[in-house]
Amino acid sequence: MKNQEKYLKIFKTEADEHLQALSKGLLELEKNPEKVELIHHLMRSAHTIKGAARMLDLNEIGTIAHRMEDLFKAIEDGEIKLSSPVIDILLEGTDSVKEIINVLFQGQPITVDADGIAGRIQSIIEGKKPKEKKKVKVKVKVKGKPVTEKVEELPPEKVEHQEERPVEKREEREVMPSPQIIETIRVSLKKVDNLQNLVGELILNREKFLEKSPRLKNLLEAATLLSQGRQDGTDDQEKRKIFVNDFQQFYDDFSQDLLEMSQLSRQIQGDTLELRLLPAGEVFEEFYRTVRDESRKQKKEVRLEIEGKETELDKRLLDEIKPALIHIIRNSIDHGIEKPAVRTSKGKPPTGTIILRAAHQGNDVSIEVVDDGMGLDIAKIKATAVKRGIIQQKDADSLSDEEAVYLILEHGFTTRESVTDLSGRGVGMDVVRDVVERLRGTISIQNEPNQYAKFVLTFPLTLLIMRALRITAAGQDFAIPLSSVREVVGISPADLTTEGGKEVLVLRGETIPILRLNEVLNLSTVNNPVAITKKKRISVVVCKFREQILGLIVDRYFSSIDIVVKNLGSFLKGVNCLSGATISGDGTPILILNIPDIFPRARAISATGLKGALEEEDKEKGKKQSILVVDDALTTRTLEKNILESSGYDVDIAISGEQALEMVAKKSYDLVVTDVDMPGITGFELIRRLKRQERYREIPVIIVSSLSKPEHRREGIEVGAQAYIVKSSFDQDSLVEAVKSLIGE
Numbered sequence: 000m001k002n003q004e005k006y007l008k009i010f011k012t013e014a015d016e017h018l019q020a021l022s023k024g025l026l027e028l029e030k031n032p033e034k035v036e037l038i039h040h041l042m043r044s045a046h047t048i049k050g051a052a053r054m055l056d057l058n059e060i061g062t063i064a065h066r067m068e069d070l071f072k073a074i075e076d077g078e079i080k081l082s083s084p085v086i087d088i089l090l091e092g093t094d095s096v097k098e099i100i101n102v103l104f105q106g107q108p109i110t111v112d113a114d115g116i117a118g119r120i121q122s123i124i125e126g127k128k129p130k131e132k133k134k135v136k137v138k139v140k141v142k143g144k145p146v147t148e149k150v151e152e153l154p155p156e157k158v159e160h161q162e163e164r165p166v167e168k169r170e171e172r173e174v175m176p177s178p179q180i181i182e183t184i185r186v187s188l189k190k191v192d193n194l195q196n197l198v199g200e201l202i203l204n205r206e207k208f209l210e211k212s213p214r215l216k217n218l219l220e221a222a223t224l225l226s227q228g229r230q231d232g233t234d235d236q237e238k239r240k241i242f243v244n245d246f247q248q249f250y251d252d253f254s255q256d257l258l259e260m261s262q263l264s265r266q267i268q269g270d271t272l273e274l275r276l277l278p279a280g281e282v283f284e285e286f287y288r289t290v291r292d293e294s295r296k297q298k299k300e301v302r303l304e305i306e307g308k309e310t311e312l313d314k315r316l317l318d319e320i321k322p323a324l325i326h327i328i329r330n331s332i333d334h335g336i337e338k339p340a341v342r343t344s345k346g347k348p349p350t351g352t353i354i355l356r357a358a359h360q361g362n363d364v365s366i367e368v369v370d371d372g373m374g375l376d377i378a379k380i381k382a383t384a385v386k387r388g389i390i391q392q393k394d395a396d397s398l399s400d401e402e403a404v405y406l407i408l409e410h411g412f413t414t415r416e417s418v419t420d421l422s423g424r425g426v427g428m429d430v431v432r433d434v435v436e437r438l439r440g441t442i443s444i445q446n447e448p449n450q451y452a453k454f455v456l457t458f459p460l461t462l463l464i465m466r467a468l469r470i471t472a473a474g475q476d477f478a479i480p481l482s483s484v485r486e487v488v489g490i491s492p493a494d495l496t497t498e499g500g501k502e503v504l505v506l507r508g509e510t511i512p513i514l515r516l517n518e519v520l521n522l523s524t525v526n527n528p529v530a531i532t533k534k535k536r537i538s539v540v541v542c543k544f545r546e547q548i549l550g551l552i553v554d555r556y557f558s559s560i561d562i563v564v565k566n567l568g569s570f571l572k573g574v575n576c577l578s579g580a581t582i583s584g585d586g587t588p589i590l591i592l593n594i595p596d597i598f599p600r601a602r603a604i605s606a607t608g609l610k611g612a613l614e615e616e617d618k619e620k621g622k623k624q625s626i627l628v629v630d631d632a633l634t635t636r637t638l639e640k641n642i643l644e645s646s647g648y649d650v651d652i653a654i655s656g657e658q659a660l661e662m663v664a665k666k667s668y669d670l671v672v673t674d675v676d677m678p679g680i681t682g683f684e685l686i687r688r689l690k691r692q693e694r695y696r697e698i699p700v701i702i703v704s705s706l707s708k709p710e711h712r713r714e715g716i717e718v719g720a721q722a723y724i725v726k727s728s729f730d731q732d733s734l735v736e737a738v739k740s741l742i743g744e
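For the sequence shown, numbering that gives the first Met the number 0 gives the first residue as 0, with consecutive numbering after it.
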């Protein structure tokens, strides 16, 4: 058929919805057989799949769907009584159709025996006992290449027929390779209309910018003429006034258009991200089937409760975490929930409960899996970890119960002596951890023996855009996901102490291990210990991971920013400590740190030597901290010099911004005090030039000025000053206190 590939994609999208409805409806019927009205809807789903499959010559799917439709009709007419075996065969038919569709799109041969399944459904319709399943090997061909595949569930009367039947016609059909899979989502028309309206406004905004191009060109020509006239010795004040007014008007209009563009882009960004959001229930409801099947295998009674079905999550996130959630749920059934007799002996109801809960938490989303089973056996976990060489006995003894539960996430951990298709609690949990961390999420575990076990998975709301803290280390720009940042503090090296051979910071009574980020990342030690101490104040980003905290010393930190996350590509895939990259507004590439990788690397690093370097530096220097005072007024600079020297500081004086720049080029100062309104280079411009120099980028600056308007204070802070003192309210204590707070005594 022409355009077969196109129609197959459409068919898959439609069939997936009907298959989900069939699975959900059959489970509902099993629990509530009296809901006979469901049967007709399920029959219509099977009928729709049958018709569409036959239109595309997908005979295997059509055969199964046809028999399912017949069985639904027999149930509806009262000819067949609804029972567990009937539900089982209908679920098996649903699974078989789903499997055939999937292998078509994965470039794999079809190994489902459609005739065998259809025959067993027909046997139930005819009131016969289904034949026993047998296994047989058949040869199929995919694109001309013979492949031997194991085919299961052939009834005896079909085996001979299957072996004699030429299968090439059915199996030589062109199958679609997996790279061509196109994922789709359903979007409400209202969302599309809103987005279309915003795009219309964006186009209007674009036209405004295009209209400003000739205006800007005219302004440039006017500026050129004015410049030439000035060189000729003429000075047309009226033309200059007109030019300034025109330029001011252009600036105001441009700023307004830019603001509108910013607002529109944010709205479009938000609405576009919403297109990827799906209610969690669309995926979570599939787990009813998982719980049903696995609990029956284990001969246990388990009920699944889902909360927060309406919580919207990123579709990619839902798809990626689905296997991890299935694994946790199966663990809960296998080793968490007790058998009915055991639960009754403990005073529990015979039916165990697993709660699957989704909820938003700010810019994150949390997914919880809680079971009311036996919980985690901490002693057994520690013993197993020691036995398998994951930790030493002495380390196991020192772990608290809250810390020990995370051992189940380590690679190679399992409490099972033999591997089964159902993992014990902890078997394969390292895979769950890897999935969570790959999605820049975290996993926490809460446990109460014989009461419950709770797994909390936390992820960013969207995987495309995230909030992050921009920092630099060893001259390289990095971003730390804001969900992993507890706080940012500025400390003095003197605040550090040593504990257990490692340097720590005691912050509000809490002991925090502290390391230089460039050392953790094995980067060139641009900011060596001595260089750091010269700054007097150290920037520390306190990061969190599970129940742990770690302070990372960075060169500099900026405000938090929204970043568009890009994959590192196949070449850098799997690089430790990095989860992606982004581009800043100024075009600078920024690497995104993977905090879960940072913590284990940090544990292996010994003391940074920062405190020792500070003590050694103090011994070698033995001199006062130096301050440069810049002011063109003799009285002011003399007064400030005397005040600071009497407080124990070494003070130099500059009478202008130009002289100050000459002096800082020859000597390093710990702090600069400057006026603003000075001849030549103003104080604001002096600060700007100082902050462009690597050596003075982190050196604190105090402004002492007679300019007292709010806009003056605002500009002072914007250019990089740490304090602003107005001369009219100046007193000795305010200046000294400001200096001490910035560089100490």
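Where is the CB? At the ideal position from N, CA and C, for every residue including glycine. Note that this is a predicted model, so its numbers are computed, not measured.
query	result
CB of Val-703 within 9 angstroms of CB of Ile-686, strictly	no
Expected contact under 8 angstroms - CB spacing of Thr-471 and Val-341 to nearest Å	Their Cβ separation, rounded to whole angstroms, is 57 angstroms, which puts Thr-471 and Val-341 out of contact at 8 angstroms.
Rounded C-alpha distance that separates Ala-279 from Thr-461	13 angstroms
Rounded straight-line distance, which links the Cα of Lys-640 to that of Ala-632	12 angstroms
Val-368 versus Leu-272 - alpha carbon distance	26 angstroms
For Pro-480: DSSP bridge partner residues	Ala-467
Residues of its chain near Pro-448, where Cβ-Cβ distance is below 6 angstroms and the 5 sequence neighbours each way are ignored	Gly-374
Residue of Ser-344, Leu-355, Thr-343 minimising C-alpha distance to Ile-325	Leu-355
Those runs of the alpha helix (DSSP H) which lie wholly inside the segment 644–693 and span at least 4 residues	656–665, 682–691
Buried versus exposed call for Lys-80 [16 or more other C-beta atoms within 10 Å across all chains shown]	exposed
Top-ranked residue by Cα proximity to Tyr-287, from Glu-304, Arg-275, Ile-562, Lys-299	Glu-304
Per DSSP, cross-strand counterpart(s) of Tyr-451	Glu-447
Ser-22 vs Glu-200 beta-carbon contact at 9 angstroms	no
Spatial neighbours of Gln-624 in its chain, beta-carbon cut-off 6 angstroms, leaving aside the 5 residues before and after	Tyr-648, Asp-669, Ile-742
Uninterrupted alpha helix (DSSP H) stretches inside the segment 199–285 (no shorter than 4 residues)	236–274, 280–283
Per-residue DSSP class, three states only, for His-746	No answer is possible for residue 746: the residues shown for the chain start at 0 and end at 744.
Those residues which DSSP pairs with Phe-458 across a bridge	Val-364
CB-CB length for Asp-370 against Ile-407, believed under 8 angstroms	With a Cβ gap of about 15 angstroms, Asp-370 and Ile-407 do not count as contacting.
Distance between Ile-366 and Ile-74 (C-alpha atoms, nearest Å)	38 angstroms
9 angstroms Cβ cutoff met for Val-725 and Ser-705	yes
Lys-168 versus Met-260: straight-line alpha-carbon distance, rounded	Reliability fails at Lys-168, whose pLDDT of 36 lies under 50, so the model's placement of it is uncertain and the value that follows must be treated cautiously. Roughly 58 angstroms between the two C-alpha positions.
Of the residues Val-503, Glu-402, Ile-123, the one placed nearest Glu-78, counting alpha carbons only	Ile-123
Assigned exposure category for Glu-36 - 16 Cβ within 10 Å defines buried	exposed
Coarse secondary structure for Ile-353, derived from DSSP in three states	strand
C-alpha distance - Ser-177 paired with Pro-480, whole-angstrom precision	With a pLDDT of only 35 at Ser-177, under 50, the local geometry of the prediction cannot be trusted, and no value is derived from it.
Beta-carbon separation (whole angstroms), Leu-660 vs Arg-688, contact threshold 8 angstroms	6 angstroms
Among Val-282, Leu-215, Glu-237, Ala-221, the one whose alpha carbon lies nearest that of Phe-253	Leu-215
Cβ-based burial, Met-42 [other Cβ within 10 Å; buried from 16]	buried
Simplified DSSP assignment, three categories, for Gly-489	strand
Buried or exposed (CB count within 10 angstroms, at least 16 for buried), Val-671	buried
Thr-581, DSSP secondary structure in three states	strand
Bridge partner(s) assigned by DSSP for Arg-515	Ile-552
Endpoints, beta strand (DSSP E) assigned at Leu-55	No beta strand (DSSP E) holds Leu-55; DSSP gives it neither H nor E.
Segment limits, alpha helix (DSSP H) that includes Asp-114	113–124
First and last residue of the uninterrupted beta strand (DSSP E) at Glu-304	301–306
Neighbourhood of Arg-485 by C-beta distance below 8 angstroms, restricted to the same chain and skipping five residues each side	Val-541, Cys-542, Lys-543, Ile-548
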